[in-house]
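Peer 1: Residue numbers (the working numbering): 495 to 719.
Backbone N, C-alpha and C fix where the C-beta goes; we use that ideal spot for every residue, glycine too.
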């Protein structure tokens, strides 16, 4: 499994020859201006919620690539009306896709499209592939529901928001990694704009002092699990 960070909460995940894109907000992110979105491959686009900083490039990329949008029922319906193939889910549900099993899990946040229309309830995703298992938290506060995840799935990586203000900050993300029983964390949803700028070295130190590994990738950088 190869994971590429495209800035903010945007990720590319390659499992064998399947390309999964998560919350594509790239063309509107000045920090990601060096990323060519027309070169990004996508067979599936996973959307955690409807805010503009998570859905900005969904329509364009889905129409270019023919990707299937996977999200809550309201978001899936929104894109389905555009002629985009969509797969609706809701909290607690699982589906066995060609790349692995996806579970839509709870997140505490809000969700509306940029025009103010209802975007369903926000969520996160647990992906169980043949090789590795990951948790993509989406935009969320710390929640006791995270403790349910390791009851079913042993995670190899937790992808957690750490920018604070709109989501968990570093301290709560450390607790979240305890809740999901995963000490290997990829941080995201930080630095894009003033409200969520963080001190990278301090964040890494706090995780290290808690016996955990926090990875903060440069935009365009990848890791392999």
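What are the residues that DSSP puts in a beta bridge with residue 652?
Peer 2: 629 and 679
Peer 1: Helix, strand or coil for residue 612 per DSSP?
Peer 2: strand
Peer 1: Beta-carbon separation of residue 544 and residue 606 under 8 Å?
Peer 2: Yes, they are a contact pair.
Peer 1: Can you check which of these residues, 620, 574, 603 and 659, is closest to residue 589 by C-alpha distance?
Peer 2: The shortest Cα separation from residue 589 among 620, 574, 603 and 659 belongs to 620.
Peer 1: Determine, using beta-carbon pairs with one atom in the region 566-580 and one in the region 520-531, whether at least three such pairs fall under 8 Å.
Peer 2: no
Peer 1: Locate the alpha helix (DSSP H) running through residue 698, then write down its first and last residues.
Peer 2: Going by DSSP, residue 698 is part of the alpha helix (DSSP H) stretching over 694-703.
Peer 1: With residue 652 and residue 629 assumed to form a contact (beta carbons below 8 Å), what rounded beta-carbon distance in angstroms separates them?
Peer 2: 5 Å
Peer 1: Around the C-beta of residue 618, are 16 or more other C-beta atoms found within 10 angstroms, so that it is buried, or is it exposed?
Peer 2: buried
Peer 1: Would you kindly check if the distance between the Cβ of residue 519 and the Cβ of residue 550 is under 8 Å?
Peer 2: yes
Peer 1: Would you kindly work out how many angstroms separate the C-alpha atoms of residue 715 and residue 538, rounded to a whole number?
Peer 2: 20 Å
Peer 1: Drop a sphere of 10 angstroms on the beta-carbon of residue 682, count the other beta-carbons inside from all chains shown, and report buried for 16 or more, exposed for fewer.
Peer 2: buried
Peer 1: Locate the beta strand (DSSP E) running through residue 588, then write down its first and last residues.
Peer 2: 588-591
Peer 1: Closest by CA to residue 689, which one among 559, 638, 521 and 657?
Peer 2: With distances taken between Cα atoms, residue 689 lies closest to 657.
Peer 1: What three-state label does DSSP hand residue 581 in the structure shown?
Peer 2: strand
Peer 1: If the criterion is Cβ atoms closer than 8 Å, does the pair residue 563 and residue 580 meet it?
Peer 2: In terms of Cβ geometry, residue 563 and residue 580 form a close pair [threshold 8 Å].
Peer 1: Return the residue from the list 535, 583, 591 and 650 that minimises the CA-CA distance to residue 626.
Peer 2: 650
Peer 1: Rounding to the nearest angstrom, what Cα-Cα distance links residue 548 and residue 705 in this structure?
Peer 2: The alpha-carbon separation between residue 548 and residue 705 amounts to approximately 31 Å.
Peer 1: Who does residue 595 pair with in a DSSP beta bridge?
Peer 2: Secondary-structure assignment with DSSP links residue 595 through a beta bridge to 590 and 622.
Peer 1: Could you name the residues that DSSP lists as bridge partners for residue 540?
Peer 2: 516 and 564
Peer 1: Could you tell me the boundaries of the alpha helix (DSSP H) in which residue 507 lies?
Peer 2: Careful: residue 507 lies outside any alpha helix (DSSP H), inside the beta strand (DSSP E) at 505-509.
Peer 1: Where does residue 719 fall in DSSP's three states?
Peer 2: coil
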